[in-house]
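When we follow this note's numbering, the leftmost residue of the sequence shown carries the number 7, and every step to the right adds one.
Using N, Cα and C, we set each Cβ at its ideal position, and we do this for glycine too.
Bear in mind the structure is a predicted one, so any value in this text is a computation, not a measurement.
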Amino acid sequence: MLVIAEGLGFSYLLGSWMAMEGSESTRQLLMYAIVFVLCVILMLVTHAAGHQLYRSNLLSGCDKEWRSAGQPGVLAQSVGLNMDQRCDDANA
Numbered sequence: 007m008l009v010i011a012e013g014l015g016f017s018y019l020l021g022s023w024m025a026m027e028g029s030e031s032t033r034q035l036l037m038y039a040i041v042f043v044l045c046v047i048l049m050l051v052t053h054a055a056g057h058q059l060y061r062s063n064l065l066s067g068c069d070k071e072w073r074s075a076g077q078p079g080v081l082a083q084s085v086g087l088n089m090d091q092r093c094d095d096a097n098a
């Protein structure tokens, strides 16, 4: 609902600016098109931001758990592309 409300508010301003000499029905049609495009873009961006927040919180939780356990071993080992890719299998 918030994405739709934000899209409607922005499209109301943008639609009247883009079609100054157009009729009211043309402005409404343009505003609905802008709302649809904005809502799709905002939903994709919001979904990606939520996914990134979930990943960050998950990594933070793993780090806290590792530190509270007394740091038994290496949390993560950097493996370069030119290194043997199985060198960190024992840490899994």
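C-alpha of residue 42 to C-alpha of residue 62: approximately 30 angstroms in a straight line. For residue 71, the uninterrupted alpha helix (DSSP H) run begins and ends at 30 to 74, by DSSP. Using a Cβ distance threshold of 8 angstroms, residue 24 and residue 36 count as a contacting pair.
Counting every other CB atom within 10 Å of its CB across the protein chains shown gives residue 40 a total of 16 or more, marking it as buried. In this model, residue 92 and residue 78 are separated by some 21 angstroms (Cα to Cα).
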